Amino acid sequence: MANHKSALKRIRANETKRLRNRYQHKTTRSYIKKLRETTDKAVAVEVYKTVSSMLDRLAKKNIIHKKKASNQKSKLAKLINGLAIAA
Numbered sequence: 033m034a035n036h037k038s039a040l041k042r043i044r045a046n047e048t049k050r051l052r053n054r055y056q057h058k059t060t061r062s063y064i065k066k067l068r069e070t071t072d073k074a075v076a077v078e079v080y081k082t083v084s085s086m087l088d089r090l091a092k093k094n095i096i097h098k099k100k101a102s103n104q105k106s107k108l109a110k111l112i113n114g115l116a117i118a119a
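In structure tokens:
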């Protein structure tokens, strides 16, 4: 266990940040799942805007790697463009 006040504060801060990061990451994954299940092009485009913003935010905060965010956005964009052909 930590002996210094600053170390105790750092432990509390790290736990708070960990929980916030976990919540944001899980929420983003839920939106991605929702987007993948969507068959309507108009709805998919709206959800994609939200998901894209969320992924950029996660990458900016180093919760996920920036290239992972880029790859996911690219794959989701291809998915949405495929909906246009099918519909």
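Each residue of the sequence shown is one higher than the one before, counting from 33 in my numbering. Glycine included, each C-beta is placed from N, C-alpha and C at the ideal position. Only a predicted model underlies this, so the values are computations on that prediction, with no experimental measurement involved.
In the structure shown, the three-state DSSP call for D72 is coil.
V83 is classed as buried because its beta carbon has at least 16 other beta carbons within 10 Å across all chains shown.
With a beta-carbon spacing of about 16 Å, A91 and K81 fall beyond the 8 Å limit used to define contacts. In this structure the region 103–110 lies against the region 63–81, because at least three pairs of beta carbons, one per stretch, are closer than 8 Å. For the pair of segments examined, the region 59–78 was found not to touch the region 33–45: the number of CB pairs separated by less than 8 Å stays below three.
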